[in-house]
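What follows is a short report on a single structure.
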Amino acid sequence: MRAAAVFIVVTLLGLSSLAVIWHGTRDVALISGAVLLVVALPLLAASRRQLGEAFSVGPQANVLVTHGLYSRIPHPMYAFLDLALLGVITIIRIPWLLVVWAGLIAIQAWQARREARVLEEAFGEAYLRYRKRTLW
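Residue numbers for the sequence shown follow this note's numbering, so the first one is 7 and each next one is one higher.
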């Protein structure tokens, strides 16, 4: 159910961006993309700051971060990075980059599943309780 909801949201965002790229004026694309960037970049920075020392490139289970943005969103860095990239793609109006964007999201979904397995093994029931509180 959660995966379907995320898929629908990502699809709608991508199609909206495609509509702006194909049918919108340059100004509409610039404003739409800029709005995404203005929203996404500060949230991306905040999520990175909240992750603190738990940040790693590969999946590790040093600490279970459940505060701030992480209290409702299990992977806010992925989500806000994707929104920021969508903003850039919309601004530069290159539609084929939406395919690359979708591929990046697929890779991040795979990475998020790997991270979830590592965290569940390390934190067990505490991680499962945390996941019940998150949006996806």
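From the three backbone atoms N, C-alpha and C, an ideal C-beta is built for every residue, glycine too.
Which of helix, strand or coil DSSP assigns to S62: Reduced to three states, the DSSP call for S62 is coil.
When you compare each of L24, G30, I27 and I111 to P82 by their alpha carbons, which one comes out closest? I111
Rounded straight-line distance, which links the Cα of A60 to that of V69: Each residue's CA atom was taken as its position, placing V69 and A60 some 6 Å apart.
Given Q114, which residues of its chain have a CB within under 6 Å of its CB, disregarding the five upstream and five downstream residues? Y84
Does the separation of the CB atoms of A40 and I27 fall below 8 Å? no
Distance, Cα to Cα, H29 vs I97? So the alpha carbons of these two residues sit roughly 13 Å apart.
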